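Engineer: Residue numbers (the working numbering): 547 to 834.
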Amino acid sequence: MKQLTILSGKGGTGKTTITASFAVLAKDAVVADCDVDAPDLHMLLHPDVVKTQEFKGSKLAIIDKTKCVECGLCREKCRFDAITEDFKVDPFSCEGCGVCAVVCPVNAVTLRDRISGHAYTSKTEYGFMSHAMLTPSEANSGKLVTLVRQNAKILAEKENSDLIIIDGPPGIGCPVIASVTGVDAGLVVTEPTMSGIHDLERALQLLTHFNVSSFVCINMCDINMDNTEKIESFCKERSIEVVGKIPFNPVVTEAMVNGKPVVEYALESDVAEEIKNMWKRLLSALKL
Ligand code: SF4
Ligand code: SF4
547 MKQLTILSGK
557 GGTGKTTITA
567 SFAVLAKDAV
577 VADCDVDAPD
587 LHMLLHPDVV
597 KTQEFKGSKL
607 AIIDKTKCVE
617 CGLCREKCRF
627 DAITEDFKVD
637 PFSCEGCGVC
647 AVVCPVNAVT
657 LRDRISGHAY
667 TSKTEYGFMS
677 HAMLTPSEAN
687 SGKLVTLVRQ
697 NAKILAEKEN
707 SDLIIIDGPP
717 GIGCPVIASV
727 TGVDAGLVVT
737 EPTMSGIHDL
747 ERALQLLTHF
757 NVSSFVCINM
767 CDINMDNTEK
777 IESFCKERSI
787 EVVGKIPFNP
797 VVTEAMVNGK
807 PVVEYALESD
817 VAEEIKNMWK
827 RLLSALKL
């Protein structure tokens, strides 16, 4: 089974548009939306949820009032100011670090699992999908990404699917690392702007660090041909293949507004044609 992650140094480069189109073209791949902080792939693939799992990614301190002697030690040591003057824990400030439980002289504090989000296994018109939603203000998105990937792997094994397509979160932080470790290839979607080039460099460094084969797609390549050429030379110097150059076309926005992958919405467009060519190149690189 092969795994391909689509990533970008920042949001808004067209990563999800491309992932959704790949899901259509692949037909029997499992798709994993690893952008658990702000998932949006479901808006194009319209999954029907078949299983929901609670994600317990953090802890919450609970003070037992019947045991508490109000010594104030927990309040003094809590670095997050999560304990009120009347010794109650503010759930929005508590980070679950456990210091209060350690310092309490009468064992009045316990740490309980807190539901930090939900993971979903779903069916779409194009195959199975694993996705999730982290509760706003909760941390540990990297752990939830790992759960999404585990669920995708279980689905792929069960369905005899030979490919998992992963829509990675934007940036290069912990959740992105969780979505690229151990995959066979990473496709970085960039755009020909100065910030796009900078983000591309960081994303490629990350893939190199984790020993993942890198490929590049330049989205809206014709909005600045000078920068597109710069990206191509940059990739050539590092022997990284630019597998796709997608022209700007308002039909991409139209497809999104209509909630459809662009290869389905505008089958004959130049954008769809280029995405199909890119898909073929990636399949060949993945030996599928
Ligand atoms: S678990 Fe940590 S953050 Fe939460 S109340 Fe205790 S000391 Fe404060
Ligand atoms: S440290 Fe324990 S006993 Fe002291 S105020 Fe906190 S909960 Fe109460």
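Glycine included, C-beta positions come from ideal geometry on N, C-alpha and C.
Every value quoted in this text rests on a predicted model; they were computed, and no experiment measured them.
Leaving out five residues before and five after Gln599 in sequence, what residues of the same chain have Cβ atoms less than 6 Å from its Cβ?
Structural biologist: Beyond the five residues adjoining it in sequence on each side, Gln599 comes within less than 6 Å, by CB distance, of Ala665 in the same chain, given in chain order.
Engineer: Give the straight-line distance between the Cα atoms of Met824 and Ile608, rounded to the nearest whole angstrom.
Structural biologist: 53 Å
Engineer: Taking the runs of the alpha helix (DSSP H) that are 4 residues or longer, which of them lie wholly in the region 585-615?
Structural biologist: 588-591
Engineer: Would the C-beta of Ala654 count as close to ligand 2, meaning under 6 Å from any of its heavy atoms?
Structural biologist: yes
Engineer: Assign Gln549 to buried or exposed, taking buried as 16 or more other Cβ atoms, counted over all protein chains shown, within 10 Å of its Cβ.
Structural biologist: buried
Engineer: Using only CA atoms, which one of Val691, Glu775 and Ile769 lies nearest to Gly714?
Structural biologist: Val691
Engineer: Would you check if there are 3 or more beta carbon pairs closer than 8 Å linking the region 565-584 to the region 708-726?
Structural biologist: yes
Engineer: Can you give me the C-alpha to C-alpha distance between Gly603 and Asn686, rounded to a whole angstrom?
Structural biologist: 6 Å
Engineer: His679 lies in the beta strand (DSSP E); which residues open and close that run?
Structural biologist: Reading the sequence as shown, one finds Met at residue 679 and not His. Its beta strand (DSSP E) spans residues Gly673 to Leu680.
Engineer: Candidates Ala818, Met675, Glu800 and Ile718: which alpha carbon is nearest Glu514's?
Structural biologist: Limits of the chain in this structure are 547 at one end and 834 at the other, which puts residue 514 out of reach.
Engineer: So what does DSSP say about Thr559, is it helix, strand or coil?
Structural biologist: coil
Engineer: Nearest to Met679 by alpha carbon, out of Lys689, Pro807, Glu671 and Tyr672?
Structural biologist: Lys689
Engineer: Please report how far the alpha carbon of Leu606 lies from the alpha carbon of Glu631, in whole angstroms.
Structural biologist: 18 Å
Engineer: For Glu787, which of helix, strand or coil comes out of DSSP?
Structural biologist: strand
Engineer: Express the C-alpha separation of Ser668 and Met547 in angstroms, rounding to a whole number.
Structural biologist: One C-alpha to the other measures close to 20 Å.
Engineer: Between Tyr811 and Thr739, what straight-line distance do the alpha-carbon atoms span, to the nearest angstrom?
Structural biologist: 27 Å
Engineer: Which residues bound the beta strand (DSSP E) around Asp579?
Structural biologist: Val576 to Asp579
Engineer: Can you tell me whether Ser815 is helix, strand or coil according to DSSP?
Structural biologist: The DSSP-derived three-state label of Ser815 is coil.
Engineer: Determine the burial state of Leu753: buried for a count of at least 16 other Cβ atoms within 10 Å of its Cβ, exposed for fewer.
Structural biologist: Here Leu753 is buried. Its C-beta has 16 or more other C-beta atoms within 10 Å.
Engineer: Whose C-beta lies closer than 7 Å to the C-beta of Val809 among residues of the same chain, with five residues either side of it excluded?
Structural biologist: For Val809, the CB contacts under 7 Å within the same chain, skipping 5 residues up- and downstream, are Ser567, Val570, Leu571, Ala818, Ile821 and Lys822 in chain order.
Engineer: Looking only at its own chain, which residues have a Cβ that is under 6 Å from the Cβ of Lys613, when we skip the five neighbours before and after it?
Structural biologist: Here the set comprises Val652 and Ala654.
Engineer: Quick one: what does DSSP say Cys650 is sitting in, helix, strand or coil?
Structural biologist: coil
Engineer: Once DSSP output is grouped into helix, strand and coil, what is the label at Gly663?
Structural biologist: strand
Engineer: Is Val649 near ligand 1, in the sense that its beta carbon is under 6 Å from a heavy atom of that ligand?
Structural biologist: No; taking the cut-off as 6 Å, the Cβ of Val649 has no heavy atom of ligand 1 nearer than that.
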